[in-house]
Amino acid sequence: MKTTEIPITGMTCSACSNRVERGLSKLNGVDQATVNFANEKAHVTYDESVLSVRDMAETIEKLGYGVAYETADLAIQGMTCAACSSRIERGLNKLDGVSSASVNLALETARVSYNPAELSPSELVKKVEDLGYGATLPEEHEHVDHRAEAYKHKKRLFWLSALLSLPLLWTMVGHFSFTQWMYVPEFLMNPYVQWALATPVQFYVGAMFYKGAYHALRNGSANMDVLVALGTSAAYFYSVYLTLSGAAHHQGLYFETSAVLITLILLGKVFEARAKGQSSEAIKKLMQLQPTTATVERDGQLQEIAIHDVRQGDIVVIKPGNQVPVDGKVVSGQSSVNESMLTGESLPVEKATGDLVYAATLNEHGSLRMEATGIGKQTMLSSIIRVVEQAQGSKAPIQRLADKISGIFVPIVVGIAVITFVVWYFIVSNGNLEQSLVSTIAVLVIACPCALGLATPTSIMAGSGRAAELGILFKTAEAMEQTKNIDTIILDKTGTITKGVPELVHIDTAPGYTEQDVLALAAAAEQGSEHPIARAITTAYKGDLAVASTFKAIPGKGIEATVEQHSIFIGTQQLLSEKDVQGSPSSNVAVWESEGKSVLYMAVDGQYAATFAVADTVKESSKQAIERLHAMGLQVVMLTGDQPETAKAIASQVGIKEVVAGVLPTGKADVVIQYQQKGHKVAMVGDGINDAPALAAADIGIAMGTGSSVAMETADVTLMQGDLMTLPDTLEMSRLTVRNIKQNLFWAFAYNSIGIPIAAAGFLAPWLAGAAMAFSSVSVVLNALRLQRVKP
1 MKTTEIPITG MTCSACSNRV ERGLSKLNGV DQATVNFANE KAHVTYDESV
51 LSVRDMAETI EKLGYGVAYE TADLAIQGMT CAACSSRIER GLNKLDGVSS
101 ASVNLALETA RVSYNPAELS PSELVKKVED LGYGATLPEE HEHVDHRAEA
151 YKHKKRLFWL SALLSLPLLW TMVGHFSFTQ WMYVPEFLMN PYVQWALATP
201 VQFYVGAMFY KGAYHALRNG SANMDVLVAL GTSAAYFYSV YLTLSGAAHH
251 QGLYFETSAV LITLILLGKV FEARAKGQSS EAIKKLMQLQ PTTATVERDG
301 QLQEIAIHDV RQGDIVVIKP GNQVPVDGKV VSGQSSVNES MLTGESLPVE
351 KATGDLVYAA TLNEHGSLRM EATGIGKQTM LSSIIRVVEQ AQGSKAPIQR
401 LADKISGIFV PIVVGIAVIT FVVWYFIVSN GNLEQSLVST IAVLVIACPC
451 ALGLATPTSI MAGSGRAAEL GILFKTAEAM EQTKNIDTII LDKTGTITKG
501 VPELVHIDTA PGYTEQDVLA LAAAAEQGSE HPIARAITTA YKGDLAVAST
551 FKAIPGKGIE ATVEQHSIFI GTQQLLSEKD VQGSPSSNVA VWESEGKSVL
601 YMAVDGQYAA TFAVADTVKE SSKQAIERLH AMGLQVVMLT GDQPETAKAI
651 ASQVGIKEVV AGVLPTGKAD VVIQYQQKGH KVAMVGDGIN DAPALAAADI
701 GIAMGTGSSV AMETADVTLM QGDLMTLPDT LEMSRLTVRN IKQNLFWAFA
751 YNSIGIPIAA AGFLAPWLAG AAMAFSSVSV VLNALRLQRV KP
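Position 19 of the sequence shown, counting from 1, maps to 19 under UniProt numbering, and the rest follow consecutively.
Here it is as structure tokens:
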């Protein structure tokens with residue numbers, strides 16, 4: 001019997017803990033189960049030969065609760081193909097206490113969700129090492145770029161291999177009838193010289209293939225290394241036999257075949273490693289953005305300190321031309337800040353007291369003093385990096401097909417190779433061992449499933465990285481794939497289609513007043529009010545504000561104030577009637593109200609002076625973005641809690657015909673579900689806390705980056721600019737990425753489907769098979785890298 005502890009989430013009372021306890025106790029293999037509601041943990045004694053922790057976790061989840069697993073990210077070394085990543089994934093998933101494990105061949109990482117009461121991260125590392133690969137935890141490899149080191153090592157091995165293989169290649173080329181004119185030194189034709197040249201390539205340079213094959217076979221599976229080791233060993237040892245038996249003078253040797261094969265495969269690995277490094281450039285660029293030092297005010301003096309020494313609450317000074325070191329709020333100063341590295345928006349943003357600024361953005365003109373509010377991993381930049389890493393490390397559903405095939409591919413290829421040898425030796429060539437071996441080696445080499453394993457992850461890496469540069473953050477690879485299936489876009493109105501902030505859009509003045517006069521008095525009077533409409537008026541006035549000597553808010557009606565000895569009333573028509581104000585208001589009121597604008601009336605010293613129209617205005621790009629969505633064949637719906645008249649007025653401005661208005665926040669998710677029940681694939685776009693349930697209910701939730709953090713946490717995609725023009729770009733990036741994945745998978749499958757029969761038929765020399773295999777992997781990665789140049 002074994003005892004384990006399982007952390008549980010979602011229990012709200014002792015009845016919940018009793019329910020979980022009963023559910024676990026009923027499981028076959030459980031001896032005793034107790035659930036502690038206070039510390040939210042289950043203590044279970046069970047027979048591990050009958051039951052696993054995962055079985056118990058699934059039972060807890062079926063009961064409607066969660067298991068608080070932790071996530072570990074491992075850097076993996078030594079993977080060569082999709083079969084390697086599949087084997088590591090299967091090995092980790094078999095561990096008792098692991099909820100899920102996903103291994104990314106292109107990124108050379110593993111993400112494991114595990115029960116910390118059952119396993120430790122070091123045990124995960126040990127499991128990977130037992131499988132024959134290397135693994136390190138984040139803290140161990142934080143300052144070491146293993147991929148860069150591996151690239152350099154492979155490059156050194158390639159040059160050594162090429163140096164030793166070139167003379168052998170020279171002898172091979174010299175054998176052709178059309179190359180008889182070439183001079184080939186006599187000593188290179190000596191079998192023992194060729195043996196001496198080929199041996200270091202076979203056993204020193206090629207040691208990685210033997211090692212990988214050994215670990216694969218020891219763990220009951222096969223990978224690309226098995227194919228390479230079998231193919232090159234057959235050519236090498238057959239040549240050794242001919243050399244020792246003295247038959248080398250009568251039959252051709254194949255030392256050059258094994259050496260050149262290893263060299264070409266290694267060259268493909270070098271190109272592949274370099275290209276994979278380029279596919280994660282987006283992460284590297286983001287990491288390089290943050291400055292290393294910051295200027296802070298301490299003890300009445302300015303001090304330049306390392307970025308990791310900045311504390312929350314520090315006053316940080318940003319001079320013109322300097323980057324903002326951490327996230328914070330401006331406490332004094334005014335400047336233009338270039339936020340293109342975060343949002344993709346090229347135009348600088350004006351910043352003043354009270355505005356938020358973000359790490360890695362560039363202060364262009366004025367000097368700013370800010371209070372540090374987000375440091376280290378709490379900055380917006382760090383959260384973006386985490387999201388991009390998460391997306392690049394996750395698996396798209398389309399990859400499952402490749403994973404299933406790669407798991408059985410190598411054994412099938414070995415079987416085909418055996419059949420090829422038998423058919424050639426006993427039927428086609430009547431006992432010709434040489435020709436039978438050549439065809440068999442070609443089959444083994446050309447069938448390596450590298451391209452299959454790289455097809456999906458490299459496209460996801462390149463596509464999500466490019467999307468991040470455009471200000472589009474996909475949280476997962478699944479979100480990136482599923483976005484292309486969307487046929488209906490539901491848009492929240494406030495803050496999504498509109499700016500979300502009321503603005504003064506019209507002023508009609510009475511005779512004897514100018515717009516500037518009434519706006520100066522109105523702004524001075526309204527500066528004491530916190531109402532959004534009052535802020536719209538004070539923001540519209542750009543001059544110096546006078547001070548109101550008296551101020552009184554009249555709930556539901558407006559305000560009353562005294563400015564420069566003038567009696568001011570601003571508010572509803574009812575307020576002015578109650579105050580016996582003389583004069584007639586603007587004749588445009590009916591038109592403005594029909595357009596959904598809020599109307600205020602102003603009186604000065606008992607006389608009507610002006611009428612103001614305030615509205616939450618449409619974002620400049622909303623109409624064009626919605627036109628693009630319609631052009632892409634999408635159904636666009638506006639969803640809002642506003643009155644139908646206001647909603648229809650806004651919808652008509654941007655070209656939306658379908659409007660659902662007057663919906664309470666709790667009802668927005670129901671509207672999304674209604675469209676889904678009609679068979680639509682729905683994307684919900686919103687920015688507020690009240691949009692979070694609808695974002696979660698939608699097939700794809702898309703949050704505006706200028707909105708609430710709750711919305712962004714709930715959503716599958718975040719538009720950092722808060723601009724609807726990036727919404728069509730999001731759909732386009734999803735479509736292009738999935739198309740790129742399908743292209744890669746097609747060519748990976750087609751390559752093997754066409755190449756294996758050609759090799760089996762004897763029409764492909766082994767060294768050409770090696771070159772084709774290397775080219776297939778590189779071509780898949782290069783095709784994925786095209787996504788980094790996409791300009792929507």
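Ideal Cβ placement from N, Cα and C applies to all residues, glycine included.
Here proline 7 is near alanine 68, since their CB atoms are less than 8 angstroms apart. Per DSSP, the beta bridge partners of methionine 370 are Val316 and Val330.
Runs of the alpha helix (DSSP H) spanning 4 or more residues and lying entirely within the UniProt domain "HMA" (70–136) occur at 82–93 and 121–130, in chain order. Of all alpha-carbon atoms in Met208, Val685, Lys579 and Gln482, the one lying nearest the alpha-carbon of methionine 638 is that of Val685.
With a cutoff of 8 angstroms on beta-carbon distance, threonine 488 and valine 663 are scored as not near each other. Judged by beta-carbon spacing, proline 728 lies beyond the 8 angstroms limit of alanine 647, meaning their Cβ atoms are not closer than that value.
In the structure shown, the three-state DSSP call for methionine 1 is coil. Within the stretch 628–664, the runs of alpha helix (DSSP H) at least 4 residues long that lie entirely inside it are, in chain order, 644–654. For threonine 59, the uninterrupted alpha helix (DSSP H) segment begins and ends at 53–62. Taking 8 angstroms as the cut-off, the Cβ atoms of isoleucine 307 and asparagine 363 do not count as close. Judged by DSSP secondary structure, aspartate 309 falls outside any beta strand (DSSP E); it is assigned neither H nor E.
Tryptophan 170 and proline 757 have their alpha carbons spaced roughly 29 angstroms apart. Between isoleucine 76 and glutamate 118, the C-beta spacing is not below 8 angstroms. A distance below 7 angstroms between beta-carbons, with the five flanking residues on each side excluded, links lysine 155 to the following residues of its chain, in chain order: Val270. In the three-state scheme derived from DSSP, where H, G and I count as helix and E and B as strand, threonine 199 is classed as helix.
By the Cβ neighbour-count rule, isoleucine 427 is exposed, with fewer than 16 other Cβ atoms within 10 Å of its own. Annotated three-state conformation of methionine 602 is strand, per DSSP. Between the alpha carbons of valine 240 and glutamine 435 lies a distance of about 17 angstroms. Under DSSP, alanine 615 shares a beta bridge with Glu503. Judged by DSSP secondary structure, glutamine 32 falls within the beta strand (DSSP E) whose first and last residues are 30–36.
Asparagine 338 and glycine 722 have their C-alpha atoms roughly 15 angstroms apart. Comparing alpha carbon positions, the residue from Ala479, Ala33, Tyr65 and Tyr675 closest to cysteine 13 is Tyr65.
Nearest to glycine 512 by C-alpha distance, out of Val604, Leu124 and Lys126, is Val604. With respect to the 8 angstroms criterion, leucine 131 and histidine 215 are classified as neighbours on the basis of their beta carbons. The continuous alpha helix (DSSP H) containing lysine 742 extends over residues 726–760.
Take the alpha-carbon of alanine 590 and the one of aspartate 642: they are about 18 angstroms apart. Secondary structure note for tyrosine 214: its alpha helix (DSSP H) is the uninterrupted segment 207–218. Histidine 680 carries a coil assignment under DSSP once its states are collapsed to helix, strand and coil. Annotation for leucine 197: Leu164, Ser165, Pro167, Leu168, Phe255 and Ala259 place their beta carbon closer than 8 angstroms to its own, counting only its chain and skipping 5 residues before and after. With a 10 Å radius around the Cβ and a threshold of 16 neighbouring Cβ atoms, methionine 208 comes out buried. Put simply, the backbone Cα of glutamate 732 is about 9 angstroms away from that of methionine 632.
Going by DSSP, aspartate 517 is part of the alpha helix (DSSP H) stretching over 515–526. Here arginine 466 is buried, its C-beta having at least 16 other C-beta atoms within 10 Å. In this structure the stretch 438–448 lies against the stretch 227–245, because at least three pairs of beta carbons, one per stretch, are closer than 8 angstroms. Two segments are said to touch when three or more pairs of C-beta atoms, one from each, lie closer than 8 angstroms; by this definition the stretch 322–332 touches the stretch 348–356.
Counted as a single uninterrupted DSSP element, the stretch harbouring methionine 720 is not any beta strand (DSSP E), since DSSP gives it neither H nor E.
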